[in-house]
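Trainee: The sequence shown begins at 1 in the UniProt record's numbering and counts up by one. Before I ask anything, here is the structure I am working with.
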Amino acid sequence: MCICQTPTISTCQRMTGYRNKMWKVALTVLAAVLAVGYGAMVGDMVGGLKDADINDKDVQNALNFAIIQYNRDSNDLYISQVVEVIKVQSQVVAGIKYVITVKMVKTPCRKYGVDQVCALHTDQAKFQPYQCTFEVWSRPWLNSIQLLKNECKH
1 MCICQTPTIS
11 TCQRMTGYRN
21 KMWKVALTVL
31 AAVLAVGYGA
41 MVGDMVGGLK
51 DADINDKDVQ
61 NALNFAIIQY
71 NRDSNDLYIS
81 QVVEVIKVQS
91 QVVAGIKYVI
101 TVKMVKTPCR
111 KYGVDQVCAL
121 HTDQAKFQPY
131 QCTFEVWSRP
141 WLNSIQLLKN
151 ECKH
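Here's what the structure looks like:
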């Protein structure tokens, strides 16, 4: 039924059709907004951080790179190494950004000594774990990897 104050039926039908199209557009926009909001809420948003497998070779490469850079840049006399991987996430951003949270400890090996296998301290007083989060950006097609951030809480 058309309730219009227009003189012809065809004008009234056109206005009703226009209203129906507007409702369809409004409902489509609402559905899209709800879908994006739900995706963000559950963490499955395209381009968002997602949990990654520590056993993945690319994750391992990113972690090894982060540890080497961390040890190179630190002012400590001794090398630190990972004793536990707490969390690994990845994000697609013109490459892959890895966010890796680990528990680390200092070893008895000096930083600038010869290459050697470093055991953990047997002295519990020196075995003081601390947590670090590393952000590594990898662009394999450019043969590029960068440590964007490292935050450690001692």
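Note that the Cβ used here is the ideal one computed from N, Cα and C, for glycine as well. Every value quoted in this text rests on a predicted model; they were computed, and no experiment measured them.
Considering Cα atoms alone, identify which of S138, K111, A94, L63 is closest to L77.
Mentor: On the sequence shown, position 77 is the one that residue 77 refers to. Of the candidates S138, K111, A94, L63, the one whose C-alpha sits nearest the C-alpha of L77 is K111.
Trainee: Determine the direct distance from the alpha carbon of I100 to that of K50, and round the result to whole angstroms.
Mentor: In the sequence shown, counting from the first residue as 1, residue 50 sits at position 50. In the sequence shown, counting from the first residue as 1, residue 100 sits at position 100. One C-alpha to the other measures close to 12 Å.
Trainee: Which residue from I96, V25, G95, Q81 puts its Cα closest to that of C118?
Mentor: Start at 1 with the first residue of the sequence shown, and residue 118 comes out as number 118. Nearest of I96, V25, G95, Q81 to C118, Cα basis: Q81.
Trainee: Go through its chain and collect everything with a Cβ distance to Q146's Cβ below 6 Å, but skip five positions before and after it.
Mentor: What you label residue 146 is simply residue 146 of the sequence shown in a count that begins at 1. Answer for Q146: W137, listed in chain order.
Trainee: Taking 7 Å as the limit between beta carbons, can you name the residues of its chain near K153, skipping five residues before and five after?
Mentor: Here residue 153 refers to the residue found at position 153 of the sequence shown. Hits under 7 Å: Y130, Q131.
Trainee: Which residue from V83, N75, G48 puts its Cα closest to that of N64?
Mentor: Reading the sequence shown from its first residue, position 64 is the one you call residue 64. Residue V83 is the option with its Cα nearest to N64.
Trainee: Taking the alpha-carbon positions, what's the F128 to V102 distance?
Mentor: To locate residue 128, count along the sequence shown from 1; it is residue 128. To locate residue 102, count along the sequence shown from 1; it is residue 102. Rather than Phe, the amino acid found at residue 128 in this sequence is Gln. Distance between the alpha carbons of Q128 and V102: 14 Å.
Trainee: Report buried or exposed for M22, applying the criterion of at least 16 other Cβ atoms within 10 angstroms of its Cβ.
Mentor: For this step, residue 22 is matched to residue 22 along the sequence shown. Burial call: exposed.
Trainee: When the distance is taken between beta carbons, is E135 closer than 8 Å to K97?
Mentor: Indexing the sequence shown from 1 puts residue 97 at position 97. Indexing the sequence shown from 1 puts residue 135 at position 135. Yes, the Cβ-Cβ distance between K97 and E135 is below 8 Å.
Trainee: Per DSSP, what kind of secondary structure is D123 in: helix, strand or coil?
Mentor: Translated into positions along the sequence shown, residue 123 becomes position 123. Looking at D123 - three-state DSSP - the assignment turns out to be coil, as it is neither helix nor strand.
Trainee: Taking the beta carbon of A62 as the centre, do at least 16 other beta carbons fall within 10 Å, making it buried, or is it exposed?
Mentor: Working through the sequence shown from its first residue, we reach residue 62 at position 62. The residue is buried, with at least 16 neighbouring Cβ atoms inside 10 Å.
Trainee: Residues bridged to Y78 by DSSP?
Mentor: Position 78 of the sequence shown holds residue 78. Paired residue(s): R110.
Trainee: Please name the residue, chosen from A66, V93, I54, that lies closest to I79 on a Cα-to-Cα basis.
Mentor: The count along the sequence shown starts at 1 and reaches residue 79 at position 79. Looking at the Cα atoms, A66 is the closest of the given residues.
Trainee: So, at 7 Å on beta carbons, what are the nonlocal neighbours of G95 in its own chain, with the 5 sequence-adjacent residues on each side left out?
Mentor: Here residue 95 refers to the residue found at position 95 when the sequence shown is read from its first residue. Answer for G95: W137, S138, R139, listed in chain order.
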